[in-house]
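Quick notes on the structure that follows.
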Amino acid sequence: MMTIKAIRDGIVAGQTTAEEVVRACLKNIHENDGKVHAFLETFDDEAIEAARVIDERRKNGEELPRLAGVPIALKDNILVPGHTASAGSKMLKDYVAPYAATVVERLRAAGAIIIGRTNMDEFAMGSSTETSAWGKTMNPWDASRVPGGSSGGSCAAVAAGFVPVALGSDTGGSIRQPAALCGVVGLKPTYGRVSRYGIVALASSLDQVGPFARTVEDAALVLEVIEGKDEHDATTVELKETTVPELMAPKFDGVRVGVPKEFFIDGMDADVRKVVEDAIAVMRERGAEIIDISIPLLKVALPAYYIIMPAEASSNLARFDGMRYGTRAGGSLEESYLAARGEGFGREVKRRILLGSFILSAGYYDAYYKKAIAVRAALKAQVDAAFKEVDVIVGPTSPVVAWKLDEKFDDPIAMYLADVFTVATNILGLPGISVPCGFAHDLPVGLHIQASNFDDNKVLEVAAAYQAVTDWHSRTPSEK
Amino acid sequence: MQIDIDHVAKLAKLQLNPDERAMLAEQLPAILDYIGQLQEVDTSGVDAKAYLTDAANVFRADEPRQNEALREALVAMFPKKMGDALEVPGVFAD
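Respectively, the protein sequence lines represent chains A and B.
Read left to right, the first sequence gives residues 976 to 1455 (this note's numbering).
Read left to right, the second sequence gives residues 1157 to 1250 (this note's numbering).
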């Protein structure tokens, strides 16, 4: 399996060069991405040039940085200077990033090679990558099915073996849910752990950037590089405990694993439920203490999310008015706004902007937005109480396996329900990961593990402990 | 719960074509019903701001920082400009 350590060690030992690694990676993408459409664009020249720099440094006897020569793909909402960042939207089709996202600066400083930008739901609004203005992405396990979303492209790029790691963004599940549907690891760090500077904003109190990988160790290695206080993002914090993959001690002994009954609902796929229950049984067999818990307000996490997120999104997307961004139409100011926004935004974006504007409008603000904020605080109190009794909370990442393309596209609520288990993690800012834990209907199933704020290392350790005793994460679509 | 789509679209400066308007007229009420579930939740006595108590404002010294390359890149992307200024339709024009 192509892992970060394997690649870097191979380059350091002289068994291969960064340029060879990158060329092989690009060749694979050019030959095989037609079936997947994970990538919107590859940055071939820059990637090869960056690889040569690594090779030169090795020749000069320099110690190579942590991610030296490792190809990484970035979601289309992450700013790479000089390259288009369209956030999956026509509105930004001509937008060329004038500066680097902090995560990009850090990845580059660590020697990672940015291979290209990946497909996503428009403005990160979606759970299937079908709302992208640039076409759909196919699930590498079954091309007639969705990869999940909104970070479907980055996820598929890892699942299809095009790159060992990729970055996505997660506002309501957009890293973890596709990871579950595509059988890879997807991590959403604690809110405030990773800088959002240079990420096209969806919901500013919920968005986080995080890695896709085949292994928990690789996810941890990427997190180590991208995490940490950033003066450009006032919501980042000085971490009391940084991620040090070598110090992770994966084990189940002494770990209290909470299983909320609210995560096993009617209407979820019975086979998915069984696979996740089996995964929890594995943890129990290996020494974890499984504790049944109840967090009643989890039942309303999704409606609360679909108030908070559209409200924030409607505010964040107000800037896309055709003046600086988007196509400038003629006419008066009002006509310009209407034409640019009418033309530049797709249906889901319009739906959420309208919902958000309504929620924040006079007469409705108290009933919806203020209420949702209060529910958020009440849910936080319940979850804080739970984390006194348990170390992590687990459950299914997704209630279903990957569905057919177009199946849920015209049914917004059906689509929103795909995130029923992941949104609470975002509205509380908790760290959460999805790890592959089996198959249902021959399609991947993900186990979701979350912990208290800034307890990301606990999440990684439990996930790594699970991977140490299972091999679901090493299955690939080509072997099936 | 009734939503006056035309009013909200005006607030949001969103132009909707007839198909979109029809689709939204059909879908938004169901979505509003769904999120309206929150009305049933008892949040009396909950301090909504309790969620934010750890947040603190972050300041930096009030010193100007110049980044000429960034400024040039931004100005280059203006769809219409007068010199280095973004040209826009008159705000107070009729």
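Glycine included, each C-beta is placed from N, C-alpha and C at the ideal position.
- According to DSSP, residue pairing for V1230 (chain A) in a beta bridge does not occur.
- Partner residues in the beta bridge of L1142 (chain A), as assigned by DSSP, are A:L1049, A:P1186.
- C-alpha of L1054 (chain A) to C-alpha of P1046 (chain A): approximately 17 Å in a straight line.
- The beta carbon of K1111 (chain A) lies closer than 7 Å to those of H1012, T1104, E1105, L1380 in the same chain, with the five residues before and after it left out.
- Measuring C-alpha to C-alpha distances from A1347 (chain A) to each of A:P1411, A:N1291, A:V1410, A:L1272 identifies A:L1272 as the nearest.
- One thing to note: I1161 (chain B) has its Cβ no nearer than 8 Å to the Cβ of Y1343 (chain A).
- Pairing K1226 (chain A) with A1132 (chain A), the inter-Cα distance amounts to about 30 Å.
- Short of 6 Å from the beta carbon of R1168 (chain A), and not among the five residues preceding or following it, lie these beta carbons of its own chain, in chain order: E1202.
- At a cut-off of 8 Å between beta-carbon atoms, E1206 (chain A) makes contact with chain B.
- In this structure the segment 1292 to 1306 of chain A touches the segment 1319 to 1328 of chain A; the number of beta carbon pairs closer than 8 Å is three or more.
- Annotated as proximal: V1160 (chain A) and V1191 (chain A), with beta-carbon spacing under 8 Å.
- At least 8 Å separates the CB of A1178 (chain B) from every CB of chain A.
- Counting other Cβ atoms within 10 Å of its Cβ, M1066 (chain A) reaches 16 or more and is therefore classed as buried.
- R1221 (chain B) does not reach chain A, its nearest Cβ partner there being about 11 Å away, counting only Cβ pairs nearer than 7 Å.
- In the DSSP assignment, H1163 (chain B) falls within the unbroken alpha helix (DSSP H) covering 1161 to 1167.
- For G1305 (chain A), there is no enclosing alpha helix (DSSP H), since its DSSP letter is neither H nor E.
- A direct Cα-Cα distance of roughly 47 Å separates Q1152 (chain A) from G1239 (chain B).
- The C-beta of Q1425 (chain A) has 16 or more other C-beta atoms within 10 Å across all chains shown, which makes the residue buried.
- For L1422 (chain A), there is no enclosing alpha helix (DSSP H); the enclosing beta strand (DSSP E) covers residues 1418 to 1425.
- Taking a C-beta distance under 8 Å as the contact criterion, G1063 (chain A) and M1113 (chain A) do not qualify as a contact pair.
- Here the segment 1361 to 1369 of chain A makes no contact with the segment 1160 to 1179 of chain B; the two share fewer than three CB pairs at distances below 8 Å.
- Under the 8 Å Cβ criterion, the segment 1397 to 1414 of chain A counts as touching the segment 1276 to 1287 of chain A, having at least three qualifying pairs.
- Within chain A, the residues whose beta carbon sits less than 7 Å from that of D1203 (chain B) are A1352, listed in sequence order.
- A distance of 8 Å or more separates the beta carbons of G1086 (chain A) and G1036 (chain A).
- Classified as exposed, V1444 (chain A) has fewer than 16 neighbouring CB atoms from the shown chains inside 10 Å of its CB.
- Counting of Cβ neighbours within 10 angstroms places K1236 (chain A) among the exposed residues, the total staying below 16.
- Take V1231 (chain B), set aside five residues on each side of it, and the residues of its chain with a beta-carbon closer than 6 Å to its own are D1240, in chain order.
- For the pair S1179 (chain A) and Q990 (chain A), the Cα-to-Cα distance works out to about 44 Å.
- Counting the other CB atoms within 10 Å of its CB gives G1123 (chain A) a total of 16 or more, which places it among the buried residues.
- With 16 or more other CB atoms across the displayed protein chains lying within 10 angstroms of its CB, N1428 (chain A) is buried.
- Taking C-beta atoms as the reference points, G1246 (chain B) and L1308 (chain A) count as a pair closer than 8 Å.
- For A981 (chain A), not one C-beta of chain B is nearer than 8 Å to its own C-beta.
- Sequence-distant Cβ neighbours of K1010 (chain A) in its own chain, meaning closer than 7 Å and more than five residues away, are M1113, A1118.
- With contacts defined by Cβ atoms closer than 8 Å, A1099 (chain A) and C1130 (chain A) do not form a contacting pair.
- The alpha-carbon separation between H1423 (chain A) and Q1442 (chain A) amounts to approximately 13 Å.
- Listed by position along chain A, the residues whose Cβ is nearer than 9 Å to that of M1233 (chain B) are D1069, Y1070, V1071, P1073, R1299, Y1300.
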